[in-house]
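Heads up: the sequence shown runs through residues 193 to 304, numbered per the numbering used here. Quick notes on the structure that follows.
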Amino acid sequence: MKVLFSFYNPSGGMETLNRIRSKALKERGVESHLLYKFDGEGRKNIKNITTFVTGDAETIREILIRENYDSIIVCSDITMLAQLRNLGYSGKLIFELQAWDLMRRDCFSRSL
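Right under this line is the structure:
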């Protein structure tokens, strides 16, 4: 099984959480990759985990096709959730809400 964790940037608690998750899943035979839209200081802490940093739609589409993920866990970024479907990903999507203030700012401070 192969999964992808997606978040805005590799910093703070989410970077740590994704590293811990990836390590635990690897011990159980699950390969996990990380996708961040923007780079961050925490990236230097990530070792031996395939990590992508891009917000470019075509690059993300290429990653999805090449890696063929069984599931993608999107953390807090509701726009990424929709983008993945629009890019043709038809597998399981799991939406996890962390950093409520970021989501509220991104989604509810503008008219939809």
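Positions of the beta carbon are idealized from the N, C-alpha and C atoms, including for glycine.
Inset, instruction - Please state if the CB of leucine 279 and the CB of leucine 285 are separated by a distance shorter than 8 Å. - result: no
Legend entry - Nearest neighbour of methionine 193, chosen from Leu209, Glu223 and Asn210 [CA to CA]: Glu223
Legend entry - Residue closest to methionine 272, alpha-carbon to alpha-carbon, out of Thr243, Phe287, Gly205 and Asn240: Phe287
Legend entry - Pick from His225, Leu209 and Gly221 that is closest to glutamate 259, judged by C-alpha positions: His225
Legend entry - phenylalanine 244 - partner residues in DSSP beta bridges: Leu227
Inset, instruction - Pull up the DSSP beta-bridge partners for isoleucine 264, would you. - result: Leu196 and Leu285
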